[in-house]
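Residues in the sequence shown are numbered consecutively from 1, following UniProt numbering.
The structure appears right after this line, and notes come after that.
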Amino acid sequence: MTEQLTKYAVIDLEATNAGSDARIIQIGIVIVENKKIIDRFQTDINPHSKLSEHIKSLTGITDQQLASAPEFSQVASQIFELIKDCVFVAHNVKFDANLLAEALFFEGFELLTPRMDTVELAQVFFPNLEKYNLGHLAKNMDLHLAHAHTAIDDALATAKLFIKIQKKIESLPRETLEMMAVFADNLIFESGQLITQALSKAKSYDKRHYDLVEGILFPKKQRTKKAKKLSQDFSINTAILGLEDRPLQNDFAALIEEGLTYSEPSFIQAQAGIGKSYGYLLPLLAKTQEQQVLVSVPTKILQDQMTAKELAAIETVFQIDCHSLKGPANYIKLDLFHKSLQQVEDNRLVNRYKLQLLVWLLETRTGDLDEIKQKQRYAAFFDTIQHDGDLNQGSPFYDYDYWRYSYERAKRAKVLLTNHAYFLHRIEDDKAFARNKILVFDEAQRLLLQLDQLSRKQIDLQQLLQDLTRALESPQSLLEKRLLESLIFELNDMATTSLKKRSYEASNPKASQKLSDIVKELDTNRFSALHAIFKYPDTDYWISSETKDEKRVISLNASTQRFINFQHLLPEIHKSFFISATLAISQRVNLAYLLGFDNYHFAKIDHLKSKHQKIMIDQEMPVISEVNEEDYCRALAKRIYALNHEKLPILVLFNSRSHLFLVSDILEEWNLAHLAQEKNGTAYNIKKRFDRGEQSILLGMGAFWEGVDFVQADRMIEVITKLPFDNPQDFYVKKMSAYLLAKQRNPFKDYFLPMTILKLKQAIGRTMRREEQKSLILLLDKRLITKSYGPEVLANLGEEFLISCETFENCLLESRQFLL
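Here's what the structure looks like:
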């Protein structure tokens, strides 16, 4: 086929269902030639059967509408003549092509045209998108899809998408297309023909814009623009950025400026939702010249969110060099990817990812694999090409290595953004990373958990035992042989005992000491991973089991019983800020104390009572300890189902993964569409889908309690299923309890209860990020009105929020009035 002779029939069908017995009820056909729409055809089809309510709702088609439509046999000849000399193109071509070919066959027409799929083509040639359904593509690529699930409108949108794909392919340099041609046959049906067709006309790459290394093209590095000076007036800088004036944000910015006058660390307490990110970034950029501003946030999700929003705006408007730094495993290692290109895999989807990555490498400036949103299903392939932090200077990709570039750029950027986990692991071995910089720790209370994680080590026990067994086959000495035999026995015994009990409690001190004594006798270089696990004295060891990529992984874990003193970790710095909604955890415990600081400056912004958020406590919701798990989760699901009738976005927060999954299963039984974390994607992905309105219910945990903002909806319902108390069996909880008891503090009253209140406030703050937003918080835990600690929690929450305790029916009635 040549381009001049090729016509494409872009087709969309609406059908009675998606099964094997589906019947066509509507056809839309758009003919494309030379990247132009030259003809179109549409018709309803009478299926001589009633439509389901779902199909009526989805398509807007009615039984009355179809009653007067032609039968398929009356239009079959016209359709066949229109498309018989065309390539069949559709969004999910397998369904449309098979259904239409079968219908034509029964009328005596054999459809043998080539087929191309715009879903897969869009995935390859527009690799950064999060979703590839037609609605999402239409919104992101300006395809003007006015009436989704109407055949002609869907066909027109798909035709416009197909033309954009054609133009994108034809714009690619010959060198990239040559490498892609090796894998083109792995695209579904004849979709890969577009690559070979484009290759025949392709031009070589433009050396002004790209560099060619080992057959792979990379965009040339951008030159750093000269930074603009910020005004010394915070309000002027926010106006330049187009931000609304926020009095509390102005007060917070003033405290940051004041903090620069003190040499000791500044701990600043400010409630969620006042715009703290701009509140500290703009004053620090305006008032400091030489020092790098290093910002650490609690999660990678928040890091990506801040990179895409605040840092992008500052970089665009003020041309200030801002950089987000992650660990090496987040970046592609080009040597490994190049090696993967040397063979065509048996798995066609892995080969499709190689095509996608070749296009992505023409566009990415970061090499951050998180930019590829559709990789969950084949995460194992991405594990094989992720960076390990090692780079041979003799590598042809040395000058183009993204981890190296990120590492070097981090040194010169004016604003460097990272996350708590990366920061702590980095400064443990590299003090220069933070030396003489201005440090800002956002959501600083999360440092405590990350410090505990820093003290923990984990190793795959099955792999460790395999390595030890291999070492036993050729021991260096008789002593080493005996040590390895003892170690293998002890580890197997610990694993067997733990897994039989299904208990992940720490092993007894004698067993731990025995393991530690054996490892100390082994060669440090040969058994470095083991020595890392048994590095610290006073360490707890335990076995854990989890499922990863459908495989059971058994791990050996270690955690020191001592707290790491954060102040002692830090090198000499220029200035540090610790920002949190609650720093004064209780009268006897504060964050500065727990982090090891004796001298510090403390400031806070008084909380204002929100008129736009209301907490309602459901006094009828059963407590988990009083019913079985099934009944408890059904009670949760029943309330979510009822709330859905309010036609508002609903965020549901869980503490338990098992409860989240069980509630999700029940909602699926009841045909209530929703998004469930881990079940329907990562926290980042389902958050984006929820914001776009793909579904109105999101079930989340973990990161959704703090650090993830919901800005889009003007009105929203947030359901908190249970008070967020820490698990008393958690090793961190046990460690903190022991630490506080040793300091003559009451762990529950002085720390764990105040931290629970903090988590509640942070969760509530997720849905109040703009002045005009309103949100109702439904708290489904009546322990607040039955337990002795309830009055303290209610009094604390009452300082900031309206609170009411009602039956669930009254909660619904009041929510309607409040959210008007």
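Glycine included, C-beta positions come from ideal geometry on N, C-alpha and C.
- Residue environment for Ile697: buried (at least 16 other C-beta atoms within 10 angstroms of its C-beta).
- Here the alpha carbons of Gln271 and Ile757 stand approximately 13 Å from one another.
- Residue environment for Asn186: buried (at least 16 other C-beta atoms within 10 angstroms of its C-beta).
- Listed as beta-bridge partners of Asn419 by DSSP are Val297.
- For Leu281, the uninterrupted alpha helix (DSSP H) segment begins and ends at 276-287.
- Here Leu648 has Ser696, Ala713, Arg715, Met716, Ile717, Leu819 as same chain residues with Cβ atoms under 8 Å from its own Cβ, once five neighbours each way along the sequence are excluded.
- Straight-line spacing of the CA atoms in Asn330 and Leu82 works out to 49 Å.
- When DSSP states are grouped into helix, strand and coil, Val663 belongs to the helix group.
- If the five residues before and after Thr524 are omitted, its C-beta is found closer than 6 Å to the C-beta atoms of His531, all from its own chain and listed in chain order.
- In terms of Cα proximity to Trp403, the closest of Arg412, Lys414, Asp390 is Asp390.
- Scanning the region 504-539 from its first residue to its last, no whole beta strand (DSSP E) run of 3-plus residues comes out.
- Excluding the 5 residues flanking it on each side, Ser804 has same chain C-beta neighbours closer than 6 Å at Met616, in chain order.
- No Cβ-Cβ contact shorter than 8 Å links Asn796 with Pro724.
- Looking at Gln289, Val75, Lys333, Ala703, the one whose alpha-carbon comes closest to that of Val415 is Gln289.
- For Leu143, the three-state secondary structure derived from DSSP is coil.
- Assigned with DSSP and collapsed to three states, Ala683 falls in helix.
- Between the region 153-160 and the region 124-144 there are three or more inter-stretch CB-CB distances shorter than 8 Å, so the stretches are counted as touching.
- Across the set Leu336, Ser395, Leu255, the C-alpha of Leu255 shows the shortest separation from the C-alpha of Pro265.
- Residue range 402-412 is occupied by the alpha helix (DSSP H) that includes Ala410.
- In the same chain as Leu161, and ignoring 5 residues on each side of it, the C-beta atoms closer than 7 Å to its own belong to Thr118, Ala122, Leu137, Met141, Leu143, in chain order.
- Out of Asn46, His48, Val30, the CA that lies nearest to the CA of Arg40 is found in Val30.
- Exclusion of the five residues before and after Asp63 leaves Lys50, Leu51 as the residues of its chain whose Cβ lies within less than 7 Å of its Cβ.
- Residue burial is scored here from C-beta neighbours: Ser277 has at least 16 other C-beta atoms within 10 angstroms and is therefore classed as buried.
- In the assembly as shown, Phe577 is a buried residue. Its beta-carbon has 16 or more other beta-carbons within 10 Å.
- Note: His323 is bridge-paired with Leu416 in the DSSP secondary-structure output.
- In terms of Cβ geometry, Asn250 and Ser235 form a close pair [threshold 8 Å].
- Beyond the five residues adjoining it in sequence on each side, Asp388 comes within less than 7 Å, by CB distance, of Pro328, Lys333 in the same chain, given in chain order.
- For Lys638, the uninterrupted alpha helix (DSSP H) segment begins and ends at 629-644.
- With respect to Gln269, Ser580 sits close: the two C-beta atoms are nearer than 8 Å.
- Bridge partners of Thr560 according to DSSP: Thr539.
- Counted as a single uninterrupted DSSP element, the alpha helix (DSSP H) harbouring Phe125 occupies residues 118-125.
- Every alpha helix (DSSP H) stretch that sits fully inside the region 437-513 and reaches 4 residues is listed by chain position as 447-454, 461-473, 478-501.
- By the Cβ neighbour-count rule, Lys300 is buried, with 16 or more other Cβ atoms within 10 Å of its own.
- Rounded to whole angstroms, the gap between the alpha carbons of Asp335 and Ile195 is 25 Å.
- In the same chain as Leu341, and ignoring 5 residues on each side of it, the C-beta atoms closer than 7 Å to its own belong to Met179, Lys354, in chain order.
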